[in-house]
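Novice: The structure under discussion is supplied below as structure tokens; questions concerning it will follow.
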Amino acid sequence: TLILSDFSEGMVKMVWDKYSSHNNILSQKIDIQNIPFPDNCFDVVIANHMLYHVPDLSKAISEVHRVMRTGGKFYAATNGNGGMRTYLHNVRKLINPNTPKLSDGFSFSLQNGKELLSEYFSDVQSYNYDDTLHITETQDLIDWIKSTIAISNYSESDFDKLYSYFENIRIKHGAIDIPKELGLFVSTK
-18 TLILSDFSEG MVKMVWDKYS SHNNILSQKI DIQNIPFPDN CFDVVIANHM
32 LYHVPDLSKA ISEVHRVMRT GGKFYAATNG NGGMRTYLHN VRKLINPNTP
82 KLSDGFSFSL QNGKELLSEY FSDVQSYNYD DTLHITETQD LIDWIKSTIA
132 ISNYSESDFD KLYSYFENIR IKHGAIDIPK ELGLFVSTK
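Numbered per our numbering, the sequence shown spans residues -18 to 170.
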């Protein structure tokens, strides 16, 4: 049986709507800090770009360890503290000096994930994924920035400047290439 979970009711419903006809797939809202399953019941647990959202990371990792069978694998994909996040923040500061300071980083990242997982798992391997976001339409990037970044102090004039900044790059280079910092930890119980 495959159990697909999320902390968001909307995501759980979306998965259920898509896979409810499959008898071997379940979809359920689960808080990773309190997994409602018995000890030693999963062979594989996957956390895809979400551990940095968890308030009590230590509790979450201990819960994953608890529900995994001996020899089971925990796959945790995450971001690094550099990459797109830092790149876009630095560009935003060029446009608007009042842009709030970037936080010190993700609570779970490529930089600290191995150390955090090693507290619970005896074997932790890390795999970096070198990648770049290749953008050919400047407005798509601006729309994405508007949808994902806290921009309460940004005016339309600031967005016009941001558009011009990126559009100049796109014209000069044919596209906007933004570095990404991604990776995967594979931990064995």
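Each residue gets a CB set at the ideal place from its N, CA and C atoms; glycine is no exception.
Which first and last residues belong to the beta strand (DSSP E) in which Ala57 is found?
Specialist: Unbroken beta strand (DSSP E) run through Ala57: 49 to 60.
Novice: Pair every Cβ in the segment 150 to 168 with every Cβ in the segment 60 to 70, then say whether three or more of these pairs are closer than 8 Å.
Specialist: Segments in contact, yes.
Novice: Check each candidate in Pro17, Val72, Gly61 and name the one with the smallest Cα separation from Met49.
Specialist: The shortest C-alpha separation from Met49 is found at Pro17.
Novice: The alpha helix (DSSP H) with His70 in it runs from where to where?
Specialist: Looking at the DSSP string, the run of the alpha helix (DSSP H) that includes His70 is 64 to 76.
Novice: I'd like the list of long-range same chain contacts for Ser88, defined as Cβ closer than 8 Å, with 5 residues on each side in sequence excluded.
Specialist: So the qualifying residues of the chain are Leu32, Tyr33, Val35, Leu38.
Novice: Could you tell me whether the Cβ atoms of Thr169 and Lys54 are closer together than 7 Å?
Specialist: In this structure, Lys54 lies closer than 7 Å to Thr169 by Cβ.
Novice: Label Thr117 either buried or exposed according to how many other C-beta atoms from any shown protein chain fall within 10 Å of its C-beta, with 16 as the threshold for buried.
Specialist: Exposed, by the Cβ-count rule.
Novice: State yes or no: is the C-beta of Tyr33 nearer than 6 Å to some heavy atom of the ligand ATP?
Specialist: With respect to small molecules bound, the structure shown includes none, and the ligand ATP cannot be examined in it.
Novice: Name the one or two DSSP bridge partners that Asn109 has.
Specialist: DSSP output for Asn109 lists Gly164 as bridge partner(s).
Novice: Could you compute how far the alpha carbon of Gly94 sits from the alpha carbon of Pro19?
Specialist: For Gly94 and Pro19, the distance between alpha carbons rounds to 25 Å.
Novice: So, under 8 Å CB-CB, Ser8 and Leu(-15) are touching, yes? Tell me the CB distance rounded to an integer number of Å.
Specialist: Rounded, the Cβ-Cβ distance is 5 Å, consistent with contact.
Novice: Whose CA, out of Arg73, Phe140, His46, lies closest to the CA of Ser103?
Specialist: Nearest of Arg73, Phe140, His46 to Ser103, Cα basis: His46.
Novice: From the beta carbon of Lys153, is the nearest beta carbon of chain C less than 7 Å away?
Specialist: Included in the structure is just one protein chain, with no chain C present.
Novice: Which residues mark the beginning and the end of the alpha helix (DSSP H) in which Asp(-2) is found?
Specialist: Residues -10 to 0.
Novice: Could you check whether Ile123 and Tyr144 sit closer than 7 Å to each other, using their CB atoms as the reference points?
Specialist: Contact: yes.
Novice: If you follow the alpha helix (DSSP H) that Lys10 is in, where does it begin and where does it stop?
Specialist: Note, Lys10: premise wrong, no alpha helix (DSSP H); beta strand (DSSP E) at 6 to 10.
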